[in-house]
Structure formats: structure tokens, C-alpha cells
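Data block below; observations after.
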Amino acid sequence: MMLLKTNNLKFTINIVVLLAATQLSFAQETTVTPEVTAITETAVAAQKDTVKTPFKKFKVDGVAGVVGDYLILESDIDQSLIEIKQRGQASADITSCQVLGSLLENKLLTHQAVQDSIVVQDSRVNSEVDQMVQRFASQLGSEQKVVEFYRKESMADLRAELFSIRKNNILSDRMNQKIVESVDVTPDEIKTFFNRIPADELPTFGVELEIARIVIEPKATEEERQKVIDRLKGFRRDILENGSSFATKAVLYTDDGASRPDGGLMVIDRKTPLVKEFRDVAFSLQDGEISEPFETEFGFHIVTVEKTKGERKDIRHILLVPEIKEAQEEEAKDLVNKVRKRIIDGELTFEEAAKEFSDETETKFEGGTLTNPQTLDKRFELGRLDPDIYPKVNNLADEEVSLVYTDQTRTGTKQFLIYTVDNRLEEHKADYVKDYIKIKELALREKQIAAIEKWQKEKITETYIKINGDNRDCEFVSNWLKK
């Protein structure tokens, strides 16, 4: 089937691998193990009776292949196949050679990302590792049980291993993005692509819907806002007049948990996704300058530029979030309930209410309508919705208003939300007009695959690659054996 021809490429064969205890016990510097995303129920059940056994080292297994500075172990392949089965994914037709091919692609991308000096901020990786550990601990009951599950000697050892894994996977993703960033498709190419699909092979798209929401956030009092501004001014004065360390103050006082371990350090360029206010200030400063306090949707900041090299800047920032009192939270909750009642009573349309009351700037002037970040379309496939949004809208009829939900902003402040659904489209075969955005995405994906195949072919010839043992008998789609 044409649409399923994926040539074993990493971003079209999504093999998500559980990191088994034996894999995490290796201490080789160049060992890069597959991505860790969750602990499956099967794995938890298998380990529950064993986590109390005494810690012991495991013998390092064989090396299946080498790409540049990166190893692929035989256990990486075996565990990938086990995890595919545990996740209930169709595995009958997936061979160890295909899994090895996918891992080789991952390592080639990671290796080339390092060669191309692609930068991944340690603060981002540390933040994601924190989230992984918290997720694992919630599944197993405690951080200590996570350490025992993965047979590590300490949480520090586990975090170091997870850091390496996650950083290399981000590097791989960034390299992938770099390869395809200039690839695009014309309307003629999209039409040609669609016309090539046989009628009995047209894809089926699941239930789709448009979603809108209104977000109301408690507002800090002017007194609390001024406290934060005065405190930041005090930090700035102490650094400039007394030589205090900006980095130390960031470690001690910033409300930005992601950059706190690195003293507020961020490495940015013109392509770094930043809110406008922050970007404008950061790129207006000269090396050594410290900004006055300024406000973004996250809170109040001061920023300094440590070093500029071409388009890249090493900056540090301190974020302080004004305290929200319980009275302000109650005011916001009362407001969202009143807005909801006015919509239900017909005094306002949902669109009108969103434009007047919503605090979510990204959706406010679109009448609260959400944009699908993958397709940039207004429609969402129900089965692929954010798991946090899905239960809030799944059972809503068109134009019905949901109950009030409580959530948290990225800085931990409470927010209150209501949702509605418009234009529900039931499951259907692909239609060129109705599903143009999705068909464009499929045509683009095919062209991206071709671009990656070309890049991969070139880089394989330039990179040190070695395949060991019986793995040399694999019939790879790509020329990993350099025959």
C-alpha cells in the first residue's frame, strides 16, 4: 500500500522503547540507549516481585553496531521488540533487522547533529528528566522504587543516564528537523499525490471537531505586582553596585524551574521560540547590560547578556511571579461561572464571550478557537487529542458548554476554563476538499522522506559505521553495510 511505504525511516516508524533494567545498568560512556517515555504495566508487574532483590551488576552484552561515537547494543534490539509486544503494537512483521535499521538511523542523526554543532540546552533536558522521574515515581510509588526498578545505585546515577538518553534523542530530532526544514509541496504536487492513491486505499480519518475555550486567570493585586518589581530592581542594583552574582541570585530566587539549575542561563538566537516581550528585551541589550524589570505572560523578569557570538546570545534571566491571593482566585472562579451562565442563557455567544473575557491571548481574538499545532488547521482528530483536553470535550454536543475546569498555568497559577465544540465531522474516507490540510501533510511527509533518504545516503558514506556478527546478514533498505 503506497501510504504505508516508510522505508524504515525513524520519523515514520515510531518505535518507542522501554529502557529495561539491564540496559540502564551499563556505564559505558559511549552507550546510547533508546528513549524512555513510560513504564508499561507489563513491565511493572514483572518487576514488582524483584525490586527488593540485592543490587548486582549485569554483564555488558554484545555490540550490534557502531555509528560514529555511538554504540547500539544487542540488548537495545531485543528490548525494543519486547516493548513493541508489551504495548500491544502489531509486531508480527517487525524484525530485529528493521529495529536495528531504525536505531542506526537514530544514531546517525545524533552523530551528525553533534558534528553540525546543534545546541541543546542542559536546562531543558534537566526539566524533561524531572518530568520523567516524577511520572515514573507516580507509577511505582516513590523515587527509591524507580531507582530499584532500573537497578541503579542512586537517583543521581539514574538521572545522569536519563539525561544522556533524552539529550541524544533531542539532538536526533533537531537534526531531522534541519534536514526537512526547507522541504515544501506545491498545490500541483498535492493534487498529483492524491490522484495517485487508488480509491480502495484512500485513508480513513477519525472523528474530527473544532474546539473553543475561554480561560480566566486570577489577577495579582497592584501591591503584589509592585513587590515583585521592587525586588527585581533590588537584585539589579545589588549586582551592578556591589558585584553580586546574577547566576547565584537566579539559583536562589528565580521562579523558572527549568533554568534555575544553570543560574538562569539560556542560549538563544533569532529562531528560539520566545514570547515577543522577552525577545525584544533580550536582543536590545549589549553584553554585560542588565534590563530593567519587564512583564511577560509568565511574570516579571530581569535579563542580562553574558556573551554574543554572531546571531547567538548567552543570556541569564530571573523570573518572579506575583503572589495570587485566595480572594483573587475566588473572583476569577466567580467570573467564569457568570460568563458560562450568560452563554447558556443566550445573552452572549461563546465567541463573543471569549473575545471579551478570555485571558488566553493565543485564542482570545479567534473567539476562543484552538489551532491544531500539528496541522495549523482548526480541526482536531478526536483520537489524537491532548489527553488533558479529551475528557473535557469528548461527550459535548455541538455548541454545548462544558462545566468549569481548574488547571494551572506554566508558572503554577490557577486558571479556570470552559470548553465548547463546533463542527463535529464523523469518521470518513479522505476527501480532497474537506481533508485538504491532511492530504497536504501526507504529500509533504512523502517528500520529506525522500529528502531524508538522500541525506542518509550521503552521510552513510562519510561516517564510520560498523555492523557486527549476525547483523551483517540483515538486508537493510539503506546501505549500512557499505557494500
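Residue numbers (my numbering): -5 to 477.
Every residue, glycine too, gets a C-beta built ideally from N, C-alpha and C.
If you draw a straight line from the Cα of V209 to the Cα of Q409, it comes to about 7 Å. Using a Cβ distance threshold of 8 Å, T104 and N162 count as a contacting pair. Closest in C-alpha terms to L279, from the list E300, L419, P381, comes E300. In terms of Cβ geometry, G56 and I66 do not form a close pair [threshold 8 Å]. Beyond the five residues adjoining it in sequence on each side, D429 comes within less than 7 Å, by CB distance, of F199 in the same chain, given in chain order. Secondary structure at N417: strand, using DSSP grouped into helix, strand and coil. When only Cα atoms are considered, F294 and F272 end up about 10 Å apart. Put simply, the segment 232 to 249 touches the segment 280 to 294. At least three CB pairs are less than 8 Å apart. G62 has its alpha-carbon roughly 31 Å from the corresponding atom of T302. Per DSSP, the unbroken alpha helix (DSSP H) holding E155 starts and ends at 149 to 174. Per the coordinates, the alpha-carbon of E289 lies some 38 Å from the alpha-carbon of D151. Closest in alpha carbon position to G251, among L376, I88, V123, K451, is V123.
By the neighbour-count criterion, in which 16 or more other beta carbons inside 10 Å mark a residue as buried, P316 falls on the buried side. Counted as a single uninterrupted DSSP element, the stretch harbouring K213 is not any beta strand (DSSP E), since DSSP gives it neither H nor E.
Scanning H311, F240, K270 for the CA closest to the CA of M260 turns up H311. Contact between the segment 469 to 476 and the segment 445 to 460 is established, with three or more Cβ pairs separated by less than 8 Å.
Going by beta carbons, K335 and K349 fall outside the 8 Å limit.
Note that the segment 90 to 97 does not touch the segment 216 to 227; fewer than 3 beta-carbon pairs, one per stretch, sit closer than 8 Å. Annotation for S148: V141 place their beta carbon closer than 8 Å to its own, counting only its chain and skipping 5 residues before and after.
Judged by beta-carbon spacing, F374 lies beyond the 8 Å limit of L97, meaning their Cβ atoms are not closer than that value.
With 16 or more neighbouring CB atoms inside 10 Å of its own CB, S117 falls in the buried class.
According to the DSSP assignment, Q402 belongs to no alpha helix (DSSP H) but to the beta strand (DSSP E) extending over 399 to 402. Nearest to A206 by C-alpha distance, out of G362, Q171, T343, is G362. Counting the other Cβ atoms within 10 Å of the Cβ of Q450 gives 16 or more, which makes it buried. F344 sits away from T400, with the two beta carbons spaced by 8 Å or more.
Contact annotation: K307 and I262 have beta-carbon atoms nearer than 8 Å.
When the Cα atoms are used, L268 and F277 turn out to be separated by approximately 11 Å.
Residue pairing of T290 in beta bridges, as defined by DSSP: G293. Taking a C-beta distance under 8 Å as the contact criterion, A107 and S166 qualify as a contact pair.
Secondary-structure assignment with DSSP links T302 through a beta bridge to K307.
DSSP places D392 in the strand class (E or B) of the three-state scheme. With a contact defined as Cβ atoms closer than 8 Å, S238 and A244 miss out at about 11 Å. By the neighbour-count definition (other C-beta atoms within 10 Å, threshold 16), P212 is a buried residue. Residue environment analysis places G258 among the buried positions, since at least 16 neighbouring C-beta atoms fall within 10 angstroms of its C-beta. Distance between F188 and M169, taken at the CA atoms: about 29 Å. DSSP places A437 in the helix class (H, G or I) of the three-state scheme.
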